[in-house]
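Residue numbers (this note's numbering), protein chains in the order written: chain X, 143 to 378; chain R, 143 to 378. Ideal Cβ placement from N, Cα and C applies to all residues, glycine included. Small disclaimer: the values here were computed from a predicted structure and weren't measured. A quick write-up on the structure given underneath.
Number of protein chains: 2
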Amino acid sequence: MSETLDTGLLTEAPRRPRGRPRKSPDDRDEGNRRQLLIHAAAALFRNKGFAATSTRDIAAAVGMQSGSPFYHFKSKGALLHEVMAQGMRSALRQQALALQALRQSHDAAQAVGDEYSGGAAPSPAEALRALIRAHFDILLCPGSDFVPVMLYEWRSLTPRQRETVVALQREYEAPWLPVLQDLHRQGRLHANVHLARLLILGALNWSVQWFNAEQGGSLDELSDVALRLFIHPEAA
Amino acid sequence: MSETLDTGLLTEAPRRPRGRPRKSPDDRDEGNRRQLLIHAAAALFRNKGFAATSTRDIAAAVGMQSGSPFYHFKSKGALLHEVMAQGMRSALRQQALALQALRQSHDAAQAVGDEYSGGAAPSPAEALRALIRAHFDILLCPGSDFVPVMLYEWRSLTPRQRETVVALQREYEAPWLPVLQDLHRQGRLHANVHLARLLILGALNWSVQWFNAEQGGSLDELSDVALRLFIHPEAA
DNA sequence: CCTACCGATCGGTAGG
DNA sequence: CCTACCGATCGGTAGG
């Protein structure tokens, strides 16, 4: 992801250009500056809340002047929406990768004749663990501000913006249901699966409020604890 | 707390008092007006967030002029803090009543020789159910805005205000731990009790985001589902 | 992307 | 508790 960021101060400029030093015209860092704004906004929205963060705060965080964010975004709300949409798209990618890795590890085990698990597909419990682990990653890794902003600031979206975010959310929550249904059939989950999904995701989402990356233990251990809390031991 | 607040309009003004019609002077609603502000603020803070709610919004909600809330509260933040403190004190009362009712129902059962439960004290599972049920009451009953405001707006408190709220929170969370420890000993909870408490309270707290009082089913049913999700069946 | 600016709104106050 | 008001800040824009 490291793009070429040539400041190009030497390529032209016969004399000294007016104003502070400029980058060369072929330095197209438009997307870069825009992304910087998005990241700064995500961090500020998460720490202070959307309404309590001024567009001046965001501009200052990336060394811009107060009016400049509006060159990249037509409004403060559009910036918020972009944070959420990017956060959810990234979360969907992470979730898909986690499920894919789970399947592949089982395919590999099967390919070498390792069939102790009895079936080709990962067990429902393993699948739930993978979903939980990916979810903690998305919420709690240092710098993971985008999805927490979505979780806690969606009230500030316009109804139209909310629609697109809700659609992404539904897509993200979809894989949880069949896994919980499997666990229910196995007798390892004694609760309505729809309510169970709401309660489980709530338990995980709330970790944003109390988890401390420096002293909170590993996300692996946390995922194990959560899994053991929600599903019952295998029937003997 | 109802102090004598004589507006004195009648002691002087011999004709018709200026301004809109006044209530009679013996209508001492000082505490009442103050409580009205607190309730209106709680509802607005919950629905729009603290930073997005103006003191003018709050004043208008109770029919006051824009500067009048500052007759009752020295700042917007003091009003927020009062919402949270009242919410937590009320929650503590509700929780204590629920636990007391649980114990009394067992005492009564014992008094008439109904000893099917084998012991005098309520079972840990029953105690957890009572805690969960009371918690849902505190969060989800129509008009229960105070504690949700505390859960979602504590960032807006000053450090000093936060201390008093955190102390109330700790008091509220205290009774959960011994109950979870009992369940752990019984083998009905397979997780670190401290983490279990965080995860369980998170699952419940998050219900504020999705529960719909009109169509969401009863809080009794919801409590049963949550209980079955978190604790394992009794050992055979 | 900066400069310079605008109208609106905000929390809060004095004085009655 | 209202009236009248203040300074500060805010989101956003024109023009370069």
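Extent of the continuous alpha helix (DSSP H) run through residue i
i	result
H90(X)	The shown model of chain X, from 143 to 378, leaves out residue 90(X), and the question about it has no answer.
Q311(X)	P301 to E315
I374(X)	Here the sequence assigns His to residue 374(X), which means Ile is not the residue at that position. H374(X) -> no alpha helix (DSSP H), and no H or E assigned at all.
W318(R)	W318 to R327
R198(R)	T197 to A203
P266(X)	P266 to L282
M292(X)	F288 to E295
Pairwise C-alpha distance: residue j and residue i
i	j	result
S196(X)	F353(X)	27 Å
L273(X)	Q323(X)	14 Å
E145(X)	L337(R)	For E145(X), the predicted structure reports a pLDDT of 33, less than 50, and the residue's modelled location is therefore unreliable. A value from the coordinates is still provided. One C-alpha to the other measures close to 42 Å.
W318(X)	A185(X)	28 Å
S210(R)	A276(R)	36 Å
N189(X)	Q303(R)	18 Å
P375(X)	H374(R)	8 Å
T300(X)	L221(X)	12 Å
A377(R)	R370(R)	14 Å
K216(X)	S265(R)	59 Å
K218(X)	L178(R)	33 Å
G383(R)	R198(X)	The displayed coordinates of chain R run from 143 to 378. Any statement about residue 383(R) would go beyond what the structure contains.
Y294(X)	H248(X)	36 Å
H214(X)	M206(X)	12 Å
F288(R)	Q351(X)	18 Å
Q357(X)	S298(R)	25 Å
A243(X)	V308(X)	26 Å
R176(R)	M226(R)	15 Å
V204(X)	A233(R)	43 Å
L84(X)	H223(X)	This structure cannot speak to residue 84(X), because chain X is shown only from 143 to 378.
S406(X)	A194(X)	Look at the range of chain X in this structure, 143 to 378, and you will see that residue 406(X) is not part of it.
Chain X within 8 Å of residue i, Cβ atoms only
i	result
P375(R)	yes
W318(R)	no
N334(R)	yes
L282(R)	no
A184(R)	no
A193(R)	yes
F372(R)	yes
V307(R)	no
D168(R)	In this prediction, D168(R) has a pLDDT of 33, which is less than 50 and means its spatial position is unreliable; what the coordinates show is noted afterwards. No, D168(R) lies away from the interface with chain X (no Cβ there is under 8 Å from its Cβ).
L341(R)	yes
G285(R)	no
A227(R)	no
Interface flag, residue i vs chain R, CB-CB below 8 Å
i	result
R297(X)	yes
I274(X)	no
N347(X)	yes
N174(X)	no
L337(X)	yes
L270(X)	no
L361(X)	no
I200(X)	no
A263(X)	no
G219(X)	no
Nearest residue (CA-CA) to residue i, options the options
i	options	result
Q236(R)	H214(R), L341(R), L281(R) and S265(R)	L281(R)
V367(X)	L341(R), L310(R), E376(R) and P320(R)	L341(R)
M230(R)	R312(R), L371(R) and P375(R)	R312(R)
Y314(R)	A238(R), R370(R) and F372(R)	A238(R)
H332(R)	L364(X), M292(X) and N347(X)	L364(X)
M292(R)	P320(R), P301(R) and Q228(R)	Q228(R)
G201(R)	A183(R), F192(R) and A193(R)	The sequence shown places Ala at residue 201(R), not Gly. Among A183(R), F192(R) and A193(R), the Cα nearest to that of A201(R) is on A183(R).
R339(X)	A345(R), F212(R) and N334(R)	A345(R)
C283(X)	L361(X), F212(X), Q242(X) and A220(X)	L361(X)
L325(X)	A269(X), L310(X) and E356(X)	A269(X)
L241(R)	S286(R), Q357(R) and R271(R)	R271(R)
Q328(X)	L234(X), G285(X) and A267(X)	A267(X)
V263(X)	G191(X), V321(X) and H181(X)	Rather than Val, the amino acid found at residue 263(X) in this sequence is Ala. Here the closest residue by C-alpha is V321(X).
Closer than 7 Å: residue i CB and nearest the ligand MG heavy atom
i	result
S298(X)	This structure lacks the ligand MG, and indeed carries no ligand of any kind.
May I have a chain-ordered list of the alpha helix (DSSP H) segments no shorter than 4 residues that lie completely inside the region 330-357 of chain R? Segments of the alpha helix (DSSP H) lying fully in the region 330-357 of chain R: 335-352.
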